[in-house]
Amino acid sequence: MDIENKIVQNIIEAVQKLYGTAVEADKIVIQETRKEFEGQITVVTFPFTRLSKKTPEQTGADIGEYLKANVEDVTDFNVIKGFLNLTISEQYWTNCLISNVLSADYGQFKPNGEKVMVEYSSPNTNKPLHLGHVRNNLLGYSVAQILSANGYDVIKANLVNDRGIHICKSMLAWQQFGNNETPASTGLKGDHLVGKYYVIFDKEYKKQISELVAGGQTEDEAKKNAPVIKQAQEMLLKWESDDPAVKELWSKMNGWVYEGFGETYKKLGVDFKKYYYESDTYLLGKDTIEEGLQKGVFFKKEDGSVWIDLTEDGLDQKLVLRADGTSVYITQDLGTAQLKYDDFKMDKSIYVVGNEQDYHFKVLFLILEKLGKTWAKGLFHLSYGMVDLPSGKMKSREGTVVDADDLMDEMIRTAKERTEELGKVEGFTEEEKNKLYEIIGMGALKFFLLKVEPKKRLLFDPNESIDFQGHTGPFIQYTHARIRSVLAKAGYSGKLTESYSLVLTPLEKDLIVNLSKYPDVIAASASEYSPAQIANYVFELAKLFNKFYHEESILKAEDADVRNFRLDLASATASVINKGMGLLGISVPDRM
RNA sequence: GCGCCCAUAGCUCAGCUGGAUAGAGCAACGGUUUUCUAAACCGUAGGUCUUAGGUUCGAAUCCUAAUGGGCGUACCA
Numbered sequence: 020m021d022i023e024n025k026i027v028q029n030i031i032e033a034v035q036k037l038y039g040t041a042v043e044a045d046k047i048v049i050q051e052t053r054k055e056f057e058g059q060i061t062v063v064t065f066p067f068t069r070l071s072k073k074t075p076e077q078t079g080a081d082i083g084e085y086l087k088a089n090v091e092d093v094t095d096f097n098v099i100k101g102f103l104n105l106t107i108s109e110q111y112w113t114n115c116l117i118s119n120v121l122s123a124d125y126g127q128f129k130p131n132g133e134k135v136m137v138e139y140s141s142p143n144t145n146k147p148l149h150l151g152h153v154r155n156n157l158l159g160y161s162v163a164q165i166l167s168a169n170g171y172d173v174i175k176a177n178l179v180n181d182r183g184i185h186i187c188k189s190m191l192a193w194q195q196f197g198n199n200e201t202p203a204s205t206g207l208k209g210d211h212l213v214g215k216y217y218v219i220f221d222k223e224y225k226k227q228i229s230e231l232v233a234g235g236q237t238e239d240e241a242k243k244n245a246p247v248i249k250q251a252q253e254m255l256l257k258w259e260s261d262d263p264a265v266k267e268l269w270s271k272m273n274g275w276v277y278e279g280f281g282e283t284y285k286k287l288g289v290d291f292k293k294y295y296y297e298s299d300t301y302l303l304g305k306d307t308i309e310e311g312l313q314k315g316v317f318f319k320k321e322d323g324s325v326w327i328d329l330t331e332d333g334l335d336q337k338l339v340l341r342a343d344g345t346s347v348y349i350t351q352d353l354g355t356a357q358l359k360y361d362d363f364k365m366d367k368s369i370y371v372v373g374n375e376q377d378y379h380f381k382v383l384f385l386i387l388e389k390l391g392k393t394w395a396k397g398l399f400h401l402s403y404g405m406v407d408l409p410s411g412k413m414k415s416r417e418g419t420v421v422d423a424d425d426l427m428d429e430m431i432r433t434a435k436e437r438t439e440e441l442g443k444v445e446g447f448t449e450e451e452k453n454k455l456y457e458i459i460g461m462g463a464l465k466f467f468l469l470k471v472e473p474k475k476r477l478l479f480d481p482n483e484s485i486d487f488q489g490h491t492g493p494f495i496q497y498t499h500a501r502i503r504s505v506l507a508k509a510g511y512s513g514k515l516t517e518s519y520s521l522v523l524t525p526l527e528k529d530l531i532v533n534l535s536k537y538p539d540v541i542a543a544s545a546s547e548y549s550p551a552q553i554a555n556y557v558f559e560l561a562k563l564f565n566k567f568y569h570e571e572s573i574l575k576a577e578d579a580d581v582r583n584f585r586l587d588l589a590s591a592t593a594s595v596i597n598k599g600m601g602l603l604g605i606s607v608p609d610r611m
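So, in structure tokens, the structure goes:
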């Protein structure tokens, strides 16, 4: 809000003139006035009492007088203890609505010339996506949208883990037990079919282990000697040496998975500009290791393994290359980071990855900094908490995962039931109905996951369905639909208010004050990479509008100017709801 | 052992760089529909902000320690 800057400037002047000393702008605390007091903007005046050598009340009154006399839009003030509550003119708020909030690009910042990559999703191709991936995908997509609204040029990237021992496990199990099943022959989604064989592998593996243990081997020996694991390892070696048959099987099964993921991504509403595949990048990083050795950042042990000593930074010694010269996880991440930078030369790069990898990224970024990569300071790990069930962690191999596709289907089904119960789809075509159910069901799911601060862990109880009432996506969607309905009835087609001399009701003023905060919320959510801030803001806005809607009629307002103004106000609210929800990847319907 | 993260109402969560009597939603109880969509609105009840110290005009917020929970600390990814 620009009025805040004006007030801050004038306070600096006031303190200078009244008390003969200077205050820094960042010492001045401005906040929203609490509901129970008169005014919209509050200045905390405790810090000035030291300069004024007067009571908080007297100091507040001094500054209040000054502001009233010198700032055009400050029309009145009151002082309660160390709080100076300012009343801002009606014209200011009316004007704010008409010239700012209602403009088409409200909340969209000008391009800032910076490029940022957001890497998210990053699935393994041996099993379908589950609820944890859903959180990742929604977060990544939303953060990308938010950065884009803040003026960044955003590149959404997906680093697919398409190779490795876990992939070979699914392949091997399919080869041995699959009877040539395909998605077409079974009707299963490709990623689910492959996941099925990942589970079958694990069952077989466990069976063989217990047989070997029964035959006298220790648990550890059995784990190494079980025939299936040996075969999987052989398969991995063959893959690495480009064995045509293995590669063909690999391409075939990954192809099924990609088709399945494609559907899931589509339903989730996420997309990517750039795909990286680990089968292409897993050998990268060796140059970086060499560079590190040259620069003396890394050192070689007698066995030939390469390390970095981070003990001075409070971390440990970390292996960066095995004794046999092969890569570890961080080797390829070093290489991939370089590759990404070479590809796009971005200013910032966000990795959306769970908090179990906090240490890994701390080390990764630190190494790149020590290597003197100027771009390393732009790297950021957007770390988010795990999604837990009441029973604890989800385990794909133990079948306790909440499957992404199942969950989405269930949400949409529930949306359908709820909507039909309420009898709200009269006059909808079959297609419109299905579209609506999807919008509502996905809205409920997305809002549920995004309203929580990313770094907090998230509890999901499959036995308790996700709500459609209260602090939810559908609540906000409903508010939007109501507004659109009123606007449609009024034949509203754009800004109606001319007059700046309205007397606003408290609720109208509250609404405008709230709407005027939107750009600040967008900026804050970007600097903290937190869609939750937008989610909670939009909820607050919707709640406030519902109150207004309930208490003050729009279409039946006695005065034509008031009616027009309220239509503008409603339209502005709908538009901010639409934009805010859009940044969360949630659509809002016109009717529901 | 060491490191990182979390702890707010019965449950799920807000609480911005320290600022007024700590706020929502759900669940519970009571009320609102001849009036723009009741997926809504209003009210009641519910809290020693895990604990103990400290910093200061002022602490849920910052510092220290303890307790509880999660994660990491692999020549796994």
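Residue numbers (this note's numbering): 20 to 611. Don't be surprised by glycine CBs; every beta carbon is placed ideally from N, CA and C. Here the structure is a predicted model, which means the values were calculated and not measured.
Notebook entry, point to check: Cα-Cα, which of Gly492, Lys25, Val34, Val265 is closest to Val471?
Noted result: Taking the first residue of the first sequence as 1, we reach residue 471 at position 452. Val471 has its Cα closest to that of Gly492, out of Gly492, Lys25, Val34, Val265.
Next item on the list: Within its chain, find whatever has a CB closer than 8 Å to the CB of Val595; leave out the 5 residues flanking it on each side and keep chain order.
Entry: By 1-based counting over the first sequence, the position of residue 595 is 576. For Val595, where only same-chain residues beyond five positions count, the Cβ hits under 8 Å are Val120, Tyr125, Gly126, Leu534, Tyr537, Val557, Leu560.
Notebook entry, point to check: Is the region 191-199 close to the region 583-593, with three or more CB pairs under 8 Å?
Noted result: no
Check: At what residues does the alpha helix (DSSP H) containing Thr205 begin and finish?
Finding: Position 186 of the first sequence holds residue 205. Run containing Thr205: 202-205, per the alpha helix (DSSP H) assignment.
Next item on the list: Please report how far the alpha carbon of Phe564 lies from the alpha carbon of Leu148, in whole angstroms.
Entry: Stepping through the first sequence from its first residue, residue 564 is reached at position 545. Stepping through the first sequence from its first residue, residue 148 is reached at position 129. Answer to the nearest angstrom: the Cα atoms are 37 Å apart.
Notebook entry, point to check: Going by DSSP, which residues form a beta bridge with Asp407?
Noted result: Along the first sequence, read from residue 1 onward, the residue named residue 407 stands at position 388. Answer by DSSP bridge pairing, in chain order: Leu478.
Notebook entry, point to check: For the region 312-330 against the region 276-295, are there 3 or more C-beta pairs whose distance is under 8 Å?
Noted result: no
Notebook entry, point to check: Where do the N-terminal and C-terminal ends of the alpha helix (DSSP H) with Met136 fall, by residue?
Noted result: Against the first sequence, residue 136 aligns to sequence position 117. Counting along the chain, Met136 falls outside any alpha helix (DSSP H), though it belongs to the beta strand (DSSP E) covering 134-138.
Next item on the list: Could I get the ranges of all uninterrupted alpha helix (DSSP H) runs contained in the region 442-519, with 4 residues as the minimum, in chain order?
Entry: 449-469, 492-509
Checklist line | Close Cβ partners of Thr524 (< 7 Å) along its chain, the five nearest in sequence each way excluded | finding: On the first sequence, position 505 is the one that residue 524 refers to. Closer than 7 Å at Cβ, skipping near neighbours: Glu571.
Next item on the list: Drop a sphere of 10 angstroms on the beta-carbon of Tyr403, count the other beta-carbons inside from all chains shown, and report buried for 16 or more, exposed for fewer.
Entry: Position 384 of the first sequence holds residue 403. Tyr403 comes out buried.
Notebook entry, point to check: Taking the Cβ atom as the reference point for each residue, do Ile308 and Thr350 lie within a distance shorter than 8 Å?
Noted result: Residue mapping note: residue 308 aligns to position 289 of the first sequence, counting from 1. Residue mapping note: residue 350 aligns to position 331 of the first sequence, counting from 1. Yes.
Check: Roughly how many angstroms separate the alpha carbons of Gly304 and Ala356, rounded to a whole number?
Finding: For this step, residue 304 is matched to residue 285 along the first sequence. For this step, residue 356 is matched to residue 337 along the first sequence. Spanning the two alpha carbons is a distance of roughly 9 Å.
Note to self: So, with DSSP's three-state summary, where would you put Val316?
What the structure shows: Taking the first residue of the first sequence as 1, we reach residue 316 at position 297. Residue state, collapsed to three classes: coil.
Check: Should Glu457 and Ile485 be called a contact, given that it needs their Cβ atoms to be closer than 8 Å?
Finding: Taking the first sequence and counting its residues from 1, the one referred to as residue 457 is at position 438. Taking the first sequence and counting its residues from 1, the one referred to as residue 485 is at position 466. Not closer than 8 Å, so no.
Notebook entry, point to check: In angstroms, rounded to a whole number, what distance separates the CA positions of Gly418 and Asp424?
Noted result: One-based indexing of the first sequence puts residue 418 at position 399. One-based indexing of the first sequence puts residue 424 at position 405. About 15 Å.
Next item on the list: Kindly indicate which three-state DSSP category Val325 falls into: helix, strand or coil?
Entry: Residue mapping note: residue 325 aligns to position 306 of the first sequence, counting from 1. Val325 falls in the strand class under three-state DSSP.
Check: Candidates Ser108, Arg53, Leu150: which alpha carbon is nearest Phe479's?
Finding: Here residue 479 refers to the residue found at position 460 of the first sequence. Here the closest residue by C-alpha is Leu150.
Notebook entry, point to check: Is Asn29 helix, strand or coil when you go by DSSP?
Noted result: Residue mapping note: residue 29 aligns to position 10 of the first sequence, counting from 1. Asn29: helix per DSSP, three-state reduction.
Note to self: Quick check on this structure: which residue in Phe318, Glu331, Ile47 has the alpha carbon closest to the alpha carbon of Arg341?
What the structure shows: One-based indexing of the first sequence puts residue 341 at position 322. Residue Phe318 is the option with its Cα nearest to Arg341.
Check: Does DSSP put Glu527 in a helix, a strand or coil?
Finding: Translated into the one-based positions of the first sequence, residue 527 becomes position 508. Looking at Glu527 - three-state DSSP - the assignment turns out to be helix.
Checklist line | Proximity winner among Gly132, Leu86, Asn145, Val179, relative to Lys293 (alpha-carbon distances) | finding: Residue mapping note: residue 293 aligns to position 274 of the first sequence, counting from 1. Ranking Gly132, Leu86, Asn145, Val179 by Cα distance to Lys293 puts Val179 first.
Notebook entry, point to check: Under a Cβ-count criterion, where at least 16 other Cβ atoms within 10 Å of its own Cβ denotes burial, should Asp290 be classed as buried or exposed?
Noted result: Counting from 1 along the first sequence, the entry for residue 290 is found at position 271. When all chains shown are included, Asp290 counts as exposed.
Notebook entry, point to check: Along the chain, where does the alpha helix (DSSP H) that runs through Thr237 open and close?
Noted result: As a position in the first sequence, residue 237 is number 218, starting the count at 1. Neither: Thr237 is in no alpha helix (DSSP H) and is coded neither H nor E.
Notebook entry, point to check: Who are the near neighbours of Lys208 in its chain, counting only those whose CB is closer than 6 Å to its CB and skipping five residues on each side?
Noted result: Residue 208 sits at position 189 when you count from the first residue of the first sequence. If we look at Lys208 and ignore the five residues flanking it on each side, its Cβ neighbours are Gly279.
Note to self: What does the alpha-carbon distance come out to for the pair Leu157 and Lys389?
What the structure shows: Here residue 157 refers to the residue found at position 138 of the first sequence. Here residue 389 refers to the residue found at position 370 of the first sequence. Each residue's Cα considered, the two are about 33 Å apart.
Next item on the list: Could you have a look at Asp45 and say whether DSSP puts it in helix, strand or coil?
Entry: In the first sequence, counting from the first residue as 1, residue 45 sits at position 26. Correct three-state label for Asp45: helix.
Check: For Ala168 versus Ile605, is the C-beta distance shorter than 8 Å?
Finding: As a working note, residue 168 is residue 149 in the first sequence. As a working note, residue 605 is residue 586 in the first sequence. Not closer than 8 Å, so no.
Item checked: For Val34, the nearest candidate out of Glu51, Tyr216, Lys72 (CA to CA) -> To locate residue 34, count along the first sequence from 1; it is residue 15. It is Lys72 whose Cα lies nearest to the Cα of Val34.
Next item on the list: Tell me whether Ser368 is buried or exposed, calling it buried when 16 or more other Cβ atoms sit within 10 Å of its Cβ.
Entry: What you label residue 368 is simply residue 349 of the first sequence in a count that begins at 1. Ser368 comes out buried.
Checklist line | Residues sharing a beta bridge with His400, DSSP | finding: Taking the first sequence and counting its residues from 1, one reaches residue 400 at position 381. In the DSSP output, where bridge partners are listed per residue, His400 has Tyr370.
Note to self: Assuming the contact rule is C-beta atoms closer than 8 Å, Asn104 and Asn97 should be a hit. Round their C-beta distance to whole Å, please.
What the structure shows: Walking along the first sequence from the start, residue 104 turns up at place 85. Walking along the first sequence from the start, residue 97 turns up at place 78. Right, their Cβ atoms sit about 5 Å apart.
Next item on the list: Give the single residue among Ile49, Thr61, Leu116 whose Cα lies nearest to the Cα of Lys514.
Entry: Position 495 of the first sequence holds residue 514. For the residues Ile49, Thr61, Leu116, the minimum Cα distance to Lys514 belongs to Leu116.
Notebook entry, point to check: Mind checking whether Leu526 and Phe567 have CB atoms under 8 Å apart?
Noted result: Taking the first residue of the first sequence as position 1, residue 526 is located at position 507. Taking the first residue of the first sequence as position 1, residue 567 is located at position 548. Yes, the Cβ-Cβ distance between Leu526 and Phe567 is below 8 Å.
Check: How is Phe102 classed by DSSP in three states: helix, strand or coil?
Finding: As a working note, residue 102 is residue 83 in the first sequence. Three-state DSSP puts Phe102 in a strand.
Margin query: According to DSSP, is Ala561 part of a helix, a strand, or is it coil?
Written below: The residue labelled residue 561 in the question sits at position 542 within the first sequence. Looking at Ala561 - three-state DSSP - the assignment turns out to be helix.
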